[in-house]
Amino acid sequence: MVLQQHLSNIIYKCLKYASEALDPKNYFEVLRILFLNMSGGKFELLQKEVLPILPVTLETLHRFYCQSSSKASSNQITFLIFSAPIRYTTLVPDPSLSIIVQAVIRSLRAPEIESHGLRSLELLVDNLTPEFLDQILIGHKGDLMFSLWQLLRSRTTSGAHVVRIFGKLSG
Numbered sequence: 023m024v025l026q027q028h029l030s031n032i033i034y035k036c037l038k039y040a041s042e043a044l045d046p047k048n049y050f051e052v053l054r055i056l057f058l059n060m061s062g063g064k065f066e067l068l069q070k071e072v073l074p075i076l077p078v079t080l081e082t083l084h085r086f087y088c089q090s091s092s093k094a095s096s097n098q099i100t101f102l103i104f105s106a107p108i109r110y111t112t113l114v115p116d117p118s119l120s121i122i123v124q125a126v127i128r129s130l131r132a133p134e135i136e137s138h139g140l141r142s143l144e145l146l147v148d149n150l151t152p153e154f155l156d157q158i159l160i161g162h163k164g165d166l167m168f169s170l171w172q173l174l175r176s177r178t179t180s181g182a183h184v185v186r187i188f189g190k191l192s193g
């Protein structure tokens with residue numbers, strides 16, 4: 023593939039230029055399109071090319087989130103973290119999973135992207151062993167449970183999804 027040899031460089035340059043831009047949304051959009059197309063599963067070679075730089079990419083995106091001033095930008099960055107082309111099992115026991123859990127919690131509080139957060143949380147629960155999941159969630163359980171509970175109380179259409187996740191979390 024032509025793109026394979028340039029992929030890491032494209033991701034690094036997008037992150038670099040996004041940090042220098044006044045409005046980085048176009049660089050985030052390039053990453054979003056790239057990540058979504060790679061996540062489909064048919065580009066396994068591209069996913070393997072990105073795997074070594076994913077921890078740095080996720081940390082950089084988390085830093086962008088912490089520095090973002092608008093809700094739209096925060097949601098865009100959170101969505102980028104979800105759409106990064108990874109299999110959660112390849113990150114075990116990487117600290118990057120903590121960044122993903124924090125993004126899940128943030129998304130559950132943002133109606134525009136709550137469905138993506140629920141889907142990502144369910145993927146974590148389905149794909150990680152209970153031991154690893156407990157290690158990852160240990161510092162976030164209170165926030166996570168509160169966010170899930172708030173979704174149930176708000177009577178959103180995602181209530182059934184939340185109940186299913188509660189069932190999976192309880193064993």
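As numbered in our numbering, residues 23 to 193 make up the sequence shown, in order.
Beta carbons: idealized from backbone N, C-alpha and C, even for Gly.
Residue 170 is not a Cβ neighbour of residue 154, given a cutoff of 8 Å.
The alpha carbon of residue 149 has as its nearest neighbour, out of 133, 110 and 123, the alpha carbon of 110. In the structure shown, the three-state DSSP call for residue 129 is helix. Rounded to whole angstroms, the separation of the alpha carbons of residue 192 and residue 172 is 18 Å. With 16 or more other Cβ atoms from the protein chains shown falling within 10 Å of its own Cβ, residue 86 counts as buried. Residue 43 carries a coil assignment under DSSP once its states are collapsed to helix, strand and coil. Counting other Cβ atoms within 10 Å of its Cβ, residue 41 stays below 16 and is therefore classed as exposed.
Excluding residues up to 5 positions away in sequence, 53, 56, 72, 75 and 79 lie with their Cβ nearer than 8 Å to the Cβ of residue 33 in the same chain. Residue range 93-105 is occupied by the alpha helix (DSSP H) that includes residue 104. Closest in C-alpha terms to residue 136, from the list 100, 165 and 186, comes 100. With a beta-carbon spacing of about 6 Å, residue 121 and residue 103 fall inside the 8 Å limit used to define contacts.
The residues 127, in chain order, have a CB closer than 8 Å to that of residue 165 in the same chain once the five nearest residues on each side in sequence are set aside.
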